[in-house]
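Engineer: So the protein lines, in turn, are chains S and F.
Be aware that the first sequence starts at 42, since it is given in the working numbering, and climbs by one per residue.
Be aware that the second sequence starts at 2, since it is given in the working numbering, and climbs by one per residue.
C-beta: ideal position from N, C-alpha, C; glycine also.
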Amino acid sequence: MIVSLLSIAITLLIALLLAKPVGIYLANSFNYSNKNKLFYPFENLIYSISGMKNKNQSWKVYASSVIVINAIMILLVYLIFRFQGSLPLNPSKIANMDPSLAFNTAVSFMTNTNLQHYSGESGLSYLSQMIGILFMMFVAPATALAVAIAFIRGLSGKSLGNFFVDMVRGIIRVLLPIAFVTGLIFVALGVPQTLDPTVTVTTVEGGKQNIAVGPVGSFLSIKELGNNGGGFFGVNSAHPFENPNGPSNFIQILLMLLLPMALPFTYGKMVGNPKQGRILFVSMTMMFIMFLGISLSAEYQGNQAINALGVQHDQGSMEGKEVRFGVAQSSLYSVVTTASETGAVNTMHDTLTPLGGLVTLSNMMLNTVYGGVGAGFVNVLMYAIIGVFLSGLMVGRTPEFLGKKIEGKEMKLIAATLLIHPFLILGASAVAFFTPLGHEAISNSGFHGISQVIYEYTSSAANNGSGFEGLGDATNFWNISTGIVMYLGRFFSIVTMLAVAGSLAVKRTVPETIGTFRTDNGLFAGVFIGAVFIVGALTFFPVLVLGPIAEYLTL
Amino acid sequence: MQSHSLNQHNEKVFIFNNIVKMLRLSLALMVICGLVYPVVVTGIAQVVMPNQADGSLIYNEDKEVIGSELIGQTFTKPEYFSGRVSSIEYDAAGSGSPNYAPSNEDMMKRMKESIAAWEKANPAVPVNELPIDLITNSGSGLDPHITPEAADVQVPRIAEATGINEEKLKKLIKENTQGRELGLFGEPRVNVLTLNIALEKLLQ
């Protein structure tokens, strides 16, 4: 157990050390005067194929570009899923996907959610896995990264930039090179990378066993790096092919944290005050470590009901877990995947102990403990502005953030963004509980059933994508309702937050005085964490009591 | 006011003029990210490390595939080491587990049955020495490993069923045990499939 905890500490330390250099690299990559010799020719090729030019966009044009090109991509991929049966690269003879499932899947991957109501082995052809899923796994995080960069530009009083250039740079300079290298490392560690169909073998005891394979390595690296999280196989990174050993697990955790942890430093560099970014980074890391501590202690204690059977249970709760990871790496992975809104799993979250499950839910509800690439950091900045606003109310001064006055217009947009998250989660869950179509899907009785439904919609709204997978969610009701929740959870806040950025960008900067509320010191860290917990707890505490907390108290 | 409506007009014109460009950009990125990237990685992987790229398959003397080192198999006969509980019977055409909640009654029932079956098959080993990984369903349903303790407690049963002495079996377990990589990552574990293949060789 001590070695396991030590390995967690070392993993996190390496992630923390990578954050700053990667953050600076990101800031440089999106600096338009930086024409990287290695990547610029590729980017130019893409611009000339598509006919795009680098022109500054107003926030409205930036936001419409995001919405329209994402809609085009959803449509293209929807069509591929619907007709995959008759398209090439389908050696395992997989049939066309149903309309509602194809809608759900296309939206799911475009919104960086990767909720999966299909099973990879039997639901998608290799072509769909590649030009459908894999393609979206690049463009979805690149979209969110671009929006985050544009938002930071707005905060620092610059024009927002050009969405298409930002998206292409995100893919060519950040996502593709890292995914390529780590993809090959994964294969070296044992992850398959082949276009051959499923292998059939005769087992040692003489039975028949089918073993699904595929181009998994190239898929796995971008799945983690882009905080996508959708598995090539049904059980995601619990599958031995998708996570064969300790080192592969270690690299996956690093990749999930890489960009979300780096963005505060990108922000500090772009606004010209590294302390601003560092203080947010430290605040988020404190929340992360607190959640990890709760999860680890709950999972090591295990399930009292199983322990009462009298077996040897020093390992902790092993139902739904893999021996090569044990409790420590499973618990760590569950906290990292929900903090970074990735949604990959190496253990079944449905079988987590009630408090372990509570931590994963809380991470997604707050959506600010790092958060997914881009989208999460915009959310963090939103909470920072709320913190400034609350402090302003307390002292009776017009709040300022980075020298820009936060006024009625911005606060109205932020309040709407803040409310859409609980509205989607709680509203959709209420509908599911009230209709037989919804509650028929619940597979575990009692309080845990409530958690299953809440988890599904929280995961959708936060664009996480993991699930309490016992839920029978492959029906029209769930496909359509979660599809809508994912779409709104993603694009509503992109539009409103770009509007905030557009509004702030044109405001005159107020000179800093002795009376200015500073946003780069320890006091602000306290205000920020306070804002996250007070707003988050007030919103979600009642439903957490009904679900995981009640289950914990009655187990 | 006039400049405002002019702006709105410009935005509509912008989107309309750019739809074809956006479609072209989408298709270009689809080809780069969805085809060129995975095909290049597949090409390199197949040339440089074909064993891993094909799924770490294990062959017998007749060059027939008998499994994958990374994918567990069902072992029910008493003379083989048994692996973890799998609700999908180790059928790797899919993957999965029943996703039982900690409070699920079916799970408790299944575990009690596993314990009863254990007591019947392993009278020499009391239940309080039975490691929890042997009665719990793995996450994937394909877990190829058990803990070294879970292999050790099966030794008396296998010694009796095969006539191989316990010392030899323990040595076999050691040979098929993998420690933490770099002494740090992952947990110590025994590969049940390679262990049983080695056991079978001893029997022949």
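Report, in whole angstroms, the separation of the C-beta atoms of Thr-537 (chain S) and Ala-469 (chain S), which I expect to be a contact under 8 Å.
Structural biologist: Actually they do not touch by this definition, with Cβ atoms about 20 Å apart.
Engineer: So if I threshold CB-CB distances at 9 Å, which residues from the stretch 17-40 of chain F count as touching chain S?
Structural biologist: Correct list: Asn-19, Ile-20, Val-21, Lys-22, Met-23, Leu-24, Arg-25, Leu-26, Ser-27, Leu-28, Ala-29, Leu-30, Met-31, Val-32, Ile-33, Cys-34, Gly-35, Leu-36, Tyr-38, Pro-39 and Val-40.
Engineer: Out of S:Gly-351, S:Tyr-341 and S:Ala-349, which has the shortest C-alpha to C-alpha gap to Met-359 (chain S)?
Structural biologist: Residue S:Tyr-341 is the option with its Cα nearest to Met-359 (chain S).
Engineer: At which residues does the alpha helix (DSSP H) containing Tyr-411 (chain S) begin and terminate?
Structural biologist: Here Tyr-411 (chain S) belongs to no alpha helix (DSSP H), and DSSP marks it neither H nor E.
Engineer: Could you pull out every unbroken alpha helix (DSSP H) segment of at least 4 residues lying fully inside the stretch 10-96 of chain F, listed in chain order?
Structural biologist: Listed in chain order, the complete alpha helix (DSSP H) runs (minimum 4 residues) inside the stretch 10-96 of chain F are 38-49 and 51-54.
Engineer: Using a Cβ-Cβ cutoff of less than 8 Å, which residues in the same chain neighbour Val-568 (chain S) once the five nearest sequence positions on both sides are dropped?
Structural biologist: If we look at Val-568 (chain S) and ignore the five residues flanking it on each side, its Cβ neighbours are Gly-428, Val-429, Leu-431 and Ser-432.
Engineer: Work out the CA separation of Asn-177 (chain F) and Leu-200 (chain F) for me, nearest whole Å.
Structural biologist: Answer to the nearest angstrom: the Cα atoms are 11 Å apart.
Engineer: Could you give the residue range of the alpha helix (DSSP H) that holds Ile-213 (chain S)?
Structural biologist: From DSSP, Ile-213 (chain S) is part of no alpha helix (DSSP H); its letter is neither H nor E.
Engineer: Within 8 Å, do at least three Cβ pairs link the stretch 60-75 of chain S to the stretch 332-339 of chain S?
Structural biologist: The stretch 332-339 of chain S, when compared against the stretch 60-75 of chain S, does not touch it at the 8 Å Cβ threshold.
Engineer: Where does the unbroken alpha helix (DSSP H) through Thr-499 (chain S) begin, and where does it stop?
Structural biologist: Residues 488-502.
Engineer: Is Phe-186 (chain F) buried or exposed, if buried means 16 or more other CB atoms sit within 10 Å of its CB?
Structural biologist: Phe-186 (chain F) should be labelled buried.
Engineer: One question on the structure: do Val-386 (chain S) and Ser-375 (chain S) come within less than 8 Å of each other, judged by their Cβ atoms?
Structural biologist: Against a cut-off of 8 Å, the Cβ pair of Ser-375 (chain S) and Val-386 (chain S) comes out as a contact.
Engineer: Check each residue of the stretch 93-119 of chain S: if its Cβ is closer than 8 Å to any Cβ of chain F, include it; give the result in chain order.
Structural biologist: Per Cβ criterion, the list reads Met-93, Ser-99, Lys-101, Val-102, Ser-105, Ser-106, Val-109, Ile-110, Ile-113, Met-114 and Leu-117.
Engineer: For Thr-401 (chain S) and Phe-17 (chain F), what's the separation of their Cα atoms in angstroms?
Structural biologist: The alpha-carbon atoms of Thr-401 (chain S) and Phe-17 (chain F) are separated by roughly 43 Å.
Engineer: Could you check whether the Cβ of Pro-124 (chain F) sits closer than 8 Å to any Cβ belonging to chain S?
Structural biologist: Pro-124 (chain F) does not count as touching chain S.
Engineer: Can you pull the DSSP bridge partners for Phe-442 (chain S)?
Structural biologist: Answer is S:Lys-445, bridged to Phe-442 (chain S).
Engineer: Do Phe-150 (chain S) and Gly-267 (chain S) come within 8 Å of each other at the CB atom, strictly closer than that value?
Structural biologist: No, they are not a contact pair.
Engineer: Within the same chain, show all residues whose beta-carbon is closer than 8 Å to that of Phe-121 (chain S), passing over the 5 residues directly before and after it, in chain order.
Structural biologist: Sequence inspection shows Ile at residue 121 (chain S); the Phe mentioned does not correspond to that position. Leu-128, Leu-168, Ser-169, Ile-172 and Gly-173, listed in sequence order.
Engineer: Helix, strand or coil for Ile-135 (chain S) per DSSP?
Structural biologist: If DSSP states are grouped into helix, strand and coil, Ile-135 (chain S) belongs with coil.
Engineer: Write down the C-beta distance between Leu-194 (chain F) and Pro-145 (chain F) rounded to the nearest angstrom, noting that I regard them as a contact closer than 8 Å.
Structural biologist: The pair is a contact, with the Cβ atoms about 6 Å apart (cut-off 8 Å).
Engineer: Strictly under 8 Å for the Cβ-Cβ distance: is Pro-132 (chain S) near chain F by that measure?
Structural biologist: Output row for Pro-132 (chain S): interface = no.
Engineer: List the residues that DSSP assigns as beta-bridge partners of Asn-251 (chain S).
Structural biologist: S:Thr-241, per the DSSP bridge assignment.
Engineer: Compare the C-alpha of Val-419 (chain S) against each of S:Ala-540, S:Ile-219 and S:Glu-283 and name the closest.
Structural biologist: Cα-wise, what sits closest to Val-419 (chain S) is S:Ala-540.
Engineer: To the nearest angstrom, how far is the alpha carbon of Lys-453 (chain S) from that of Met-406 (chain S)?
Structural biologist: Rounded to the nearest angstrom, the two C-alpha atoms are 21 Å apart.
Engineer: Where do the ends of the beta strand (DSSP E) carrying Arg-181 (chain F) lie?
Structural biologist: Counting along the chain, Arg-181 (chain F) falls outside any beta strand (DSSP E), and DSSP gives it neither H nor E.
Engineer: Using the three-state DSSP reduction, which class does Arg-531 (chain S) fall into: helix, strand or coil?
Structural biologist: Three-state DSSP puts Arg-531 (chain S) in a helix.
Engineer: Spatial neighbours of Gln-353 (chain S) within its chain, please: C-beta separation below 7 Å, excluding the five flanking residues on both sides.
Structural biologist: Taken in chain order, the list of residues that qualify is empty.
Engineer: Can you tell me which of the three DSSP states Asn-197 (chain F) falls into?
Structural biologist: The answer is helix: DSSP assigns Asn-197 (chain F) an H, G or I state.
Engineer: Any idea if Tyr-73 (chain S) is buried or exposed, counting beta-carbon neighbours within 10 angstroms, 16 or more meaning buried?
Structural biologist: Exposed: under 16 other Cβ atoms inside 10 Å.
Engineer: Any residues in the stretch 356-368 of chain S with a beta carbon nearer than 7 Å to a beta carbon of chain F? Which ones, in chain order?
Structural biologist: From the stretch 356-368 of chain S, only Gln-356, Met-359, Glu-360, Gly-361, Lys-362, Glu-363, Val-364, Arg-365, Phe-366 and Gly-367 have a Cβ closer than 7 Å to chain F.
Engineer: How many Å lie between Gly-231 (chain S) and Leu-434 (chain S) at the Cα?
Structural biologist: Cα to Cα, the separation comes out at about 56 Å.
Engineer: Throw me the rounded Cβ distance for the Leu-261 (chain S) and Gly-224 (chain S) pair, which I believe falls under 8 Å.
Structural biologist: So it is a contact: roughly 7 Å between Cβ atoms.
Engineer: Can you list, in chain order, the residues of the stretch 90-103 of chain F whose Cβ is nearer than 8 Å to any Cβ on chain A?
Structural biologist: The structure shown contains no chain A; its protein chains are S and F.
Engineer: Could you have a look at Pro-132 (chain F) and say whether DSSP puts it in helix, strand or coil?
Structural biologist: Note: Pro-132 (chain F) maps to strand in three-state DSSP.
Engineer: For the stretch 284-295 of chain S and the stretch 318-335 of chain S, state whether three or more C-beta atom pairs, one from each stretch, are separated by less than 8 Å.
Structural biologist: Taking 8 Å as the limit for Cβ pairs, the verdict is that the stretch 318-335 of chain S does not touch the stretch 284-295 of chain S.
Engineer: If you follow the alpha helix (DSSP H) that Val-156 (chain F) is in, where does it begin and where does it stop?
Structural biologist: Note, Val-156 (chain F): alpha helix (DSSP H), 156-163.
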